[in-house]
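Under numbering that gives the first Met the number 0, the sequence shown has 576 at position 577, and the numbering climbs by one with no breaks.
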Amino acid sequence: MDIIDFFKRVTNHEPYDYQIRAWEKINKILEIGGKIVIEIPTAGGKTEAAIIPYLYQFISNDWKVTKLIYVLPTRSLVEKQAERIRNYIKKILEMKGYSKNEAEELSKKLVQIEYGLEETHAFLGFVVLTTWDTFLYGLAAHRTVGDRFTFPCGAIAQSLVVFDEIQMYQDENLYMPRLIGLVVKRLVEANVPMIFMTATLPTELKKILNIHNEEQININPEDTKKPERGKVVVEFKEKLSDEELSNEIKKAINERKKVLIIKNTVNDAIEVYEKVKKFGNSLLLHSRFTVEDRAEKEKEIDNAEIIVATQVVEAGLDLPNVGLVITDLAPLDALIQRIGRCARRKGEKGKAIIVLPNFDEISYKKFKEKIILGFKDVPLENSYMALLVDNKDYGKVIEMVIEIIDEKKEEIVQKKFYIGDLGNKTIRELIKNNKILKKKDLYLIPYSTQPYEPLIMIKSFDKIESVSKYLHDIFKAREALDEVYKEYYENNIVPKDYYSAYIYFKELKLFSTPPEYELKTRPEMFAMLYPLKNAEEKAKNKETVEFNPKNVIRVSYNWLKNNWKEFKKKFELIKKYDDKNSWVYYIKETERLQPYKIYIVDDEYYSKEVGIIV
């Protein structure tokens, strides 16, 4: 059985031409190492393009690498992708003569998940699905003999490593992409085969990731077998009323189509979920659920009629039969991914509605001459520079440098203008005190751009008319993304903590046991919450508690700091050795907040339906 016949039997459809080209190149790097970039529009079969050469080894018995490590940007994507790969392996095992029950049990053992909450970080299993920070920790953090296993590096060295949805590995200071670039360089030197996959990747990000010189796997114009999407009609609305929202949802459900609503913040997602859950079988999905509850919710996705979510469903989830996507305005790459969840199969028809988040109609009407939705609306000529700055008068705003003619001096001079959004406290205060019109050099975005940067948001706004084209054309999408992110990459400052990582990866041999060295994997700080029944009583009685990593909720440190006072009682989880040299857990009351700690909150603050409630 050749690899094409194998693919047909495992997936029940013919391979695309680009997948066959990808397999030829992947087979080469399985033998000698190297890297491949697969850049294909959403719903194009990238996962199958990457993993089939590895899975084919189960039939051919020609094992060039023993493991597959599949790295994803977020935990929310891991469970669904693991189930997908397990289903493929079940079919393969049945092809090899295993019964259905045997194949089911064995596939669970062969495909393992590591979230970073495990004790070993050892990458056990033939197929390991993990997140980037867990991958890095297993590769480079503490590995003291006798305490922590020393073989994760060896596991990686014998693996095909797939980095999926790499456009999502960005952060405020581009720390993670820079770190990935360092890791990639060292893995190449160790002859580790790597695959990078995306549908939306700016050129500058490729350079940071150290994958810009690689030959791309793309869909060629002459391909006869290539992925074809359905048709998505995109509408833009400055505001979507509750009546319009209900009408759109009812229409889609009557047509037996799923509805996907994506909000930029958890609080907004919860608010919309409460409005729409009465219209059908509804599901809320965001980052503030326990690991266990989120995994359960992901299993329910296929049965839900209405899915309300945050960015956690932005990429990597193949949701069947989505006929309506309603999304907040977001950066262009995020919009392409969100709308890409709709009408993913040939012949399907769908609709996407992009809505400005928290659009303020009063400000729009009252200060119309000040309103800016995109750079197209800027009533100024010869603007040649736009930067995001911290201005002493306006806070975090977009600064534009304009060339104007000074008639008195008879020369061209530069003048600065600013654009602020409703998420800016200073701007809100100026509106409240009716002082916004007095600021001649200030323009206003009538919605909050949070959690994204206002410069990227209004540059993305300028591109939304063509967003449906970008679903089909990866090259046009890249051109647009390069323009949206131009200033972001040009003016991004390298964070200080990057240099220690640079020295580590430059000076040390990656595949030898490193010294005791704590490598920081993310620039943004986080903390963890753990809902526990009768927490106050357990703390008073100094009871030991059972700790289950699957009940942890990981939240940003800034979010927890802003909401810390909302929790009446807070407790810290304490881990100690007992008399029998076993780990035991206690909780004690605390008011002190620190990053990377686990804090116990009473389960009154948590709901399996909506997550953390504050």
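Cβ coordinates follow ideal geometry from the N, Cα and C atoms, glycine included.
Since this is a predicted model, take the numbers as computed values, not measurements.
Does residue i pass the burial test, meaning 16 or more other C-beta atoms within 10 Å, or should it be called exposed?
i      : result
Asp440 : exposed
Val615 : Since the first and last residues shown for the chain are 0 and 613, residue 615 lies out of range.
Phe702 : Since the first residue of the chain shown is 0 and the last is 613, residue 702 is not available in this structure.
Val232 : exposed
Ser98  : exposed
Phe460 : buried
Arg591 : exposed
Tyr598 : buried
Gln593 : exposed
Trp22  : buried
Asp1   : exposed
Ile404 : exposed
Ser474 : It is Phe, not Ser, that sits at residue 474 in the sequence shown. Exposed: under 16 other Cβ atoms inside 10 Å.
Arg616 : Residue 616 lies beyond the stretch modelled for the chain, which goes from 0 to 613, so this question has no answer here.
Ser447 : buried
Leu379 : exposed
Tyr393 : buried
Thr543 : exposed
Ser499 : exposed
Asp389 : exposed
Leu436 : exposed
Glu629 : Beyond the ends of the chain as shown, which are 0 and 613, falls residue 629; an answer cannot be given.
Going by DSSP in three states, residue i sits in which element: helix, strand or coil?
i      : result
Ile306 : strand
Lys230 : strand
Ser447 : coil
Phe546 : coil
Thr41  : coil
Ile371 : coil
Ile463 : helix
Gln336 : helix
Lys34  : strand
Met0   : coil
Trp582 : strand
Asp376 : helix
Leu204 : helix
Lys574 : strand
Lys348 : strand
Lys236 : strand
Leu92  : helix
Val312 : helix
Asp601 : strand
Asn561 : helix
Thr197 : strand
Gln593 : coil
Ile216 : strand
Val493 : coil
Could you pull out every residue in the same chain whose Cβ sits closer than 6 Å to the Cβ of residue i, ignoring the five residues on either side in sequence?
i      : result
Leu29  : Lys63, Val64, Pro192
Asp481 : Pro201, Thr202
Lys213 : One point to set straight first is that residue 213 is Glu, not Lys, in the sequence displayed. Hits under 6 Å: Lys34, Val36.
Met384 : Val400
Quick one: what's residue i bridged to in DSSP?
i      : result
Arg553 : Met527
Pro319 : None, per the DSSP bridge assignment.
Thr326 : Ile261, Ile353
Ala385 : Met399
Tyr69  : Leu128, Val161
Gly394 : Asn390
Gln413 : Glu402
Pro192 : Gly33
Val110 : Val126
Ser281 : Ile305
Leu441 : Tyr417
Lys587 : Glu571
Ser606 : Gly610
Gln166 : Beta-bridge pairing links Gln166 to no other residue.
Can you list, in chain order, the residues of its chain with a C-beta nearer than 8 Å to that of residue i? Leave out the 5 residues immediately preceding and following it.
i      : result
Arg344 : Ala42, Arg228, Gly229
Val613 : Asn562, Glu565, Phe566, Tyr604
Lys95  : Phe57, Ile58
Ile216 : Tyr17, Arg20, Ala21, Lys24, Ile35, Val36, Ile37, Glu38, Ile39, Ala48
Val77  : Leu71, Ile112, Tyr114, Leu128, Thr129, Thr130
What does a CB cutoff of less than 7 Å around residue i pick up in its chain, not counting 5 residues either side in sequence?
i      : result
Glu13  : Lys7, Lys224
Arg287 : Val265, Ile552, Val554, Gly610, Ile611
Thr197 : Glu38, Glu164, Ile165, Gln166
Pro450 : Asn263, Thr264
Arg427 : Leu421
Lys434 : none
Leu123 : Gln111
Within the present structure, is the beta-carbon of residue i separated from the nearest heavy atom of the ligand NAP by less than 7 Å?
i      : result
Ile165 : The model on display carries no ligand, and the ligand NAP is accordingly not part of it.
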